[in-house]
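Undergrad: Following this message is one structure expressed as structure tokens.
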Amino acid sequence: MTELWTASELMTINAARLLRDGDVVFVGVGLPNLACNLARRTHAPNLYMIYEAGVIGARPNRLPLSIGDPTLVSGAAAVCSMYDIFTLYLQRGNVDVGFLGGAQIDRYGNINATVIGEYTHPRVRLPGSGGSMEIAAWANRCYIITPHQKRRFPERVDFCTSAGFLSGKGERQAAGVRGSGPQAVVTNLGILEPDENGELILTALHPGATLADARENTGWPLRTAAELKETVPPSAEELRILREELDPQGIYLK
Amino acid sequence: MTELWTASELMTINAARLLRDGDVVFVGVGLPNLACNLARRTHAPNLYMIYEAGVIGARPNRLPLSIGDPTLVSGAAAVCSMYDIFTLYLQRGNVDVGFLGGAQIDRYGNINATVIGEYTHPRVRLPGSGGSMEIAAWANRCYIITPHQKRRFPERVDFCTSAGFLSGKGERQAAGVRGSGPQAVVTNLGILEPDENGELILTALHPGATLADARENTGWPLRTAAELKETVPPSAEELRILREELDPQGIYLK
Amino acid sequence: MSKLCSLAEAISRYVHDGDLVYLAGFTHLIPFAAGHEIIRQGRKDLVLARATPDLIYDQMAAAGCARKIIFSYMGNPGVGSLKVLRRLLEAGRLEWEEYSHFGMITRLQAGASGLPFLPMNPTAATDLEQANPLYRRVTDPYSGREVIVVPPLQPDVAVIHVQRADARGNAHIWGIIGEQKEAAFAARRVIITAEEIVSEEVIRSDPNRTLIPEFIVDAVCHVPYCAHPSYTQGYYDRDNAFYLQWDEISETESAVQAYLNEWIFGVPDRNAYWEKLGAETHARLHVAPRLSHPVNYGAY
Amino acid sequence: MSKLCSLAEAISRYVHDGDLVYLAGFTHLIPFAAGHEIIRQGRKDLVLARATPDLIYDQMAAAGCARKIIFSYMGNPGVGSLKVLRRLLEAGRLEWEEYSHFGMITRLQAGASGLPFLPMNPTAATDLEQANPLYRRVTDPYSGREVIVVPPLQPDVAVIHVQRADARGNAHIWGIIGEQKEAAFAARRVIITAEEIVSEEVIRSDPNRTLIPEFIVDAVCHVPYCAHPSYTQGYYDRDNAFYLQWDEISETESAVQAYLNEWIFGVPDRNAYWEKLGAETHARLHVAPRLSHPVNYGAY
């Protein structure tokens, strides 16, 4: 792989491109926040950013370092309670896009952010759901940004913190949740998307990455789309915005 | 009856005396509002007034003419939504006293503010519950101010908008509502209070009123307390506050 | 993206015959101008929902806009009856559906939250529950006791009057906030009417004051004095005299129709209505300023 | 009636061994000073509830105050793990009870509302529901479909940090308001800590800003810089450097105990703590003003 950009930059840029102008996005800090701000400065100027801390239409003057950074509040369009953000905004169906992350993502896009090992006797205790159980269920579309590593992509998660397609699309549909589930997983190697049954398959590789790389770093027999695409390389302008405007100190993009 | 005071003044003053210092009162406009303000200026300086419109700790500069009068808001301690006032304040148990009114009050303190005649074919359609269904159930104590007339005191209400003791105290207790129900009905003739079974009996007469007056104007065989009291006549100071400070134009006290 | 348009355009575009309409506001901020414009445009078969129908639904019903009313307190606040609605109900000429205030507001909260129902503690007064089959019961799985539940109310369109909004629809409201936020989030379409259209900078100087965010708003209309004879906290007083006057007007059908002809059909819009009220009324409803202490958000 | 007292008095009077304690605030307004005072006074067997335990519950657990934790996100926000709590959980040395954020906040909302439960739509992720028997299901009586419900959470005591309050306890809060209001109404006892004690006139100039009314408040403590290393919007910045530093400190038990000794047991109160932080930290956390546009309530 070329070293014209870092893995974080590559993932952020490809995630940004998945956003549509006018989307209302439930944003986390870190790469999702950078992806949203990059999209706003390129093809999606009307992207609307809301945060689980209850901040609506934030316009941060500096890079937010936590989900509750005060720069998200000063100059925002609205602030509401946590109960309101989860009821009036998320559960009501006002959120187009949610970003999710976790220690494990499985073959059907289910996410584990709770525990490695047994729940009652944790080998590694992780932070837990936070907002993600409901975001995964009720946002119209979800995206996941994660490094492509075998331990992060098991056949089946140890604990299902947030629902992808469970054991297949039919099972999610039967559960009656309003959101359409994970629509893409952006990794440092390429992009995985659900097939008609909800199984994550490789649909694109980044420039320089190979199918063998992807298969080697996935914990299930990774299938590919009929037509495996190559992603467009990051543009000079995308890289400039990330490096000069959004994260000049390289806090998230190192 | 002497004409040193009007019936409205007499009822307001006797209602004010039922309030205790520190009570949190769910107030309506009209006589209950005057009674509360009179109590604050006499024996209950720490009376705390909240309004179903969502106004907390109001300090009106003029006589409020509706439940949503802007003078209730300017200078209030807090304003909240209607959902909050009914949940966080009333249902949570933060209200000590509620005032109720209606077209009919029956033998067991049940109130009708909905309809005379059949519900589906109303002879007289009244305004309906507003906040009173829940106030009657959840305020710790309720008081009723009403003129003493036979048509207002039927044996049984046509429609139970707000629960008193239903058909007796046991039935209210079985229903599991937190408030203790109507504690007194203040009329222009005297005061009715529930006996141990929840039946309203005459416990006091105002100066000049007779038991015969009260019986004649009640729609059920009115019983009296073992010791029937006489209320203390309105004091000059009580009358002065009402007439000079609270309702100088005589809007409610004529 | 600016959503500014005239009130006539907004009503024409977003309020349709047969809609379930919620003109929000508990005593405060009642969007009378929107009700009058709906009357002028001759909408029919509306389901009119409001906790307190107030004079505006009396007028809309008198004008023949309504098929049904959903309410929790059908009075002229501080005065007495709503005589038009009362006559229609007593004559069996209007459908109705009735709640307590808490039941009504809980329906909006469920609608705004995207929930299939919300519970309330029992009140022991069961007559209304028996009269309205949308009240149901559910067993609390922890104690085994029953709660009362109501289903969501999701109006086709809500009109929300506010003190100030930006052109995108981010709206500041203060004073009695009633059910404004819940009605807006519950509704499928939202029309904002505002005393003032202000810059984004004013709104964003105080984001905690914003009860309604732009992305649930369809139209923003600049309508000063929209709420008369109701009021807008800080902008003008409630016209209590008119509430008393309506008690007389609404005694007879003919006086009501004369009122509609003169004050609704006889004026093109709210500006003309306000001018017609005249200088004496303007002076009577004027209010001196009383400003809030500002708060510091910090220049982070 | 003034409820002003020192934080030490308030903790001594209203926080007891074995209590279910909720120190409120989502990232913002976390009352660290109250947590430190609870540690100094040696409270035991507490059940610590917070959506995000944050560093303060890491510290309280390290000091041996806790028997159990109730939470929905056990991370160091923006950094990684809460290592003390994680070690205790992995070693089986602390009970826990876990929700999603929405489940946790819904428990508080039910507690604040006096309801026996509140519903949430299903999420299809059922592992946590199976792990925590307090999640239950109820059938929607309208559609026959199931909802998830949680029971009320009613803490014995909540500590709520605010920007300004009057001596009776009426409190103004702005910026991220998280679960402050719900925690206060849910709790049996409420301690307010405030950056500033202001006159009633300041509070009453803007009643819509008052999230907590005096009559649910037991004690009001004037505690400037109470929230450090968290922050108070408009008053000082979040100390992100310390959140990173805690990640190192909390690597080892000995470093944690050294921290407790120096920064909690080693200082008598928050004033001394703030002075000890020194001028450089004060300067780093300083924020320039950015004021809200005032609103007009009208002199009715």
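Protein chains in written order, with our numbering: chain A, 40 to 293; chain B, 40 to 293; chain C, 711 to 1010; chain D, 711 to 1010.
We put the CB at the ideal spot given by N, CA and C, even for glycine.
1. Determine the contact status of L818/D and L863/D, defining contact as a CB-CB distance below 7 Å.
2. Answer with buried or exposed for A937/C, where buried requires no fewer than 16 other C-beta atoms within 10 angstroms of its C-beta.
3. Would you please state the rounded distance, in angstroms, between the beta carbons of N267/A and L228/A? I believe it to be under 8 Å.
4. Ends of the alpha helix (DSSP H) at T51/A?
5. Give the secondary structure of G785/D by DSSP, where H, G and I count as helix, E and B as strand, and everything else as coil.
6. Looking at Y1007/D and G944/C, is the spacing between their C-beta atoms short of 7 Å?
7. Return the chain-ordered ranges of every alpha helix (DSSP H) run that is complete within the segment 185-234 of chain B and spans a minimum of 4 residues.
8. Taking Cβ to Cβ, would you say H932/C is nearer than 7 Å to A894/C?
9. Name the DSSP bridge partner or partners of R919/D?
10. Where R190/A and K986/D are concerned, what is the direct C-alpha to C-alpha distance, given to the nearest angstrom?
11. Grab me the residues of D252/A's own chain with a C-beta within less than 7 Å of its C-beta, minus the 5 sequence neighbours each way, in chain order.
12. What do you reckon, are the CB atoms on D947/D and Y941/D nearer than 7 Å?
13. Between which two residues does the alpha helix (DSSP H) carrying W177/A extend?
14. If the cut-off is 7 Å on Cβ atoms, which residues from the segment 118-134 of chain A count as contacting chain C, listed in chain order?
15. Terminal residues of the continuous alpha helix (DSSP H) containing T991/D?
16. Would you decide whether G289/B is buried or exposed? Buried here means 16 or more other CB atoms lie within 10 Å of its CB.
17. Less than 8 Å between C-beta atoms, sequence neighbours within five positions excluded: which residues of the same chain meet that for L804/D?
18. Report yes if the C-beta distance between F781/C and I766/C is below 7 Å; otherwise report no.
19. For C199/A, which of N842/D, R919/D and A835/D has the nearest alpha-carbon?
20. Using CA atoms only, rank isn't needed, just tell me which of L58/B, L104/B, G93/B and S113/B is closest to L86/B.
21. Would you please state the rounded distance, in angstroms, between the beta carbons of E888/D and H738/D? I believe it to be under 8 Å.
22. Would you say A841/C faces chain B, with C-beta separation under 7 Å as the test?
23. Roughly how many angstroms lie between the CA atoms of E276/B and P84/B, to the nearest whole one?
24. Could you please give me the residues that DSSP links to G137/B through a beta bridge?
25. Going by DSSP in three states, Q1012/C sits in which element: helix, strand or coil?
26. Can A92/B and A74/B be called in contact, C-beta distance under 7 Å?
27. How about M40/B: is its C-beta nearer than 7 Å to some C-beta of chain D?
28. Within the continuous beta strand (DSSP E) that includes Y90/B, where are the two ends?
29. If we define contact as Cβ-Cβ less than 7 Å, is R847/C a contact residue for chain B?
30. If you draw a straight line from the alpha carbon of N831/D to that of A951/C, how long is it in whole angstroms?
31. Give the C-beta separation of Y147/B and F204/B to the nearest angstrom, bearing in mind that I take them to be a contact with Cβ-Cβ under 8 Å.
32. Would you mind working out which of G96/B, E42/B, S47/B and T110/B sits nearest A998/C, comparing C-alpha positions?
33. Alpha carbons only, please: which of Q751/D, S791/D, G728/D and A720/D is nearest the one belonging to D1017/D?
34. Given P934/D, which residues of its chain have a CB within under 6 Å of its CB, disregarding the five upstream and five downstream residues?
35. Below 8 Å CB to CB, which residues in the same chain sit around L49/B once its five sequence neighbours on both sides are set aside?
36. Just to check my reading of the structure: A117/B and I144/B have Cβ atoms closer than 8 Å, yes? What is that Cβ distance to the nearest angstrom?
TA: According to the structure data:
1. yes
2. buried
3. Just to set this straight, residue 267/A is Leu in the shown sequence, not Asn. About 12 Å separates the two Cβ atoms, so there is no contact after all.
4. A46 to A55
5. strand
6. yes
7. 208-214
8. no
9. Looking at the DSSP assignment, R919/D forms no beta bridge with any residue, so it has no partner.
10. 45 Å
11. L228
12. yes
13. S171 to W177
14. V118, T126, L127, Q130, R131, G132 and N133
15. R980 to L995
16. exposed
17. A771, A776, R777, K778, I779, L795 and L798
18. no
19. A835/D
20. L58/B
21. For clarity, residue 888/D is Gly in the given sequence; the question names Glu instead. Contact flag correct, Cβ pair sits at about 6 Å.
22. yes
23. 15 Å
24. F65/B and C181/B
25. The structure shown does not extend to residue 1012/C, since chain C spans only 711 to 1010, so no value can be given for it.
26. no
27. Confidence is the limiting factor: at M40/B the pLDDT is only 44, short of 50, which leaves the residue's position unreliable, though a coordinate-based value still follows. With 7 Å as the cut-off, M40/B does not count as an interface residue toward chain D.
28. Y87 to Y90
29. no
30. 48 Å
31. 4 Å
32. T110/B
33. Nothing can be reported for residue 1017/D: it is not among the residues displayed for chain D, which extend from 711 to 1010.
34. E905
35. N227, H245 and P273
36. 32 Å between Cβ atoms; not a contact.
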